[in-house]
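In this note's numbering, the protein residues as written are 419 to 579. Virtual Cβ for every residue (Gly too), placed ideally from N, Cα, C. To start, the structure itself, in structure tokens.
Right, here's the structure in full:
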């Protein structure tokens, strides 16, 4: 059974704030934070696809790159990534390979797709992160969607469906 922690909602709200900053910085509306087992945020990042012209510059992948350079896998296994939206297939892979074993997200892939429609800037594979993690050799706890209305607000009017 999945267990919510006292700090999950507050950390998720911080990831949503990062998604808002991402738009202000000229990127797609996605943000993520990494917290230790006590809920202390140790890293935060945003999407950087537009400003870096790097198609892999998703918030979660950016965060996992930073985390893997700064921390060992044993520590990362005790951390939680909070993402403003459900991690895509690529980001789920980055989370898996980095060793983070707990994911909490806001907006579901299904709800995101309803907001983005056919906008070519969001060519989603529509594969839930739970399905990706289910194929792995170790368990990754996934909690979400949570705060979907709040997480989805920054997407309204951003995409051209």
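Item                                                                                           : Value
Residue 547 versus residue 453: straight-line alpha-carbon distance, rounded                   : 19 Å
Environment of residue 490 [buried if 16+ CB atoms lie within 10 Å]                            : exposed
Residue burial classification, residue 422 (beta-carbon count within 10 angstroms, cutoff 16)  : exposed
4 or more residues per run - each alpha helix (DSSP H) lying fully within the segment 499-578  : 507-516, 527-534, 547-552, 566-571
Buried or exposed by the 16-neighbour rule on C-beta atoms within 10 Å, applied to residue 465 : buried
Expected contact under 8 Å - CB spacing of residue 494 and residue 467 to nearest Å            : Contact doesn't hold; Cβ gap of about 24 Å is too wide.
Spatially closest choice to residue 532 from 483, 515, 570, by CA coordinates                  : 570
Residue range of the unbroken beta strand (DSSP E) whose run includes residue 461              : 459-464
Best match in 506, 561, 543, 457 for proximity to residue 448 [C-alpha to C-alpha]             : 506
Alpha-carbon to alpha-carbon, residue 482 and residue 460                                      : 12 Å
Candidates 496, 521, 553, 470, of which the one nearest residue 433 by Cα                      : 521
N-terminal and C-terminal residue of the beta strand (DSSP E) that residue 433 is part of      : Per DSSP, residue 433 belongs to no beta strand (DSSP E); it is in the alpha helix (DSSP H), 426-442.
Closest by C-alpha distance to residue 500, when choosing among 566, 557, 426                  : 426
Residue 529 versus 562, 512, 435, residue with shortest Cα-Cα distance                         : 562
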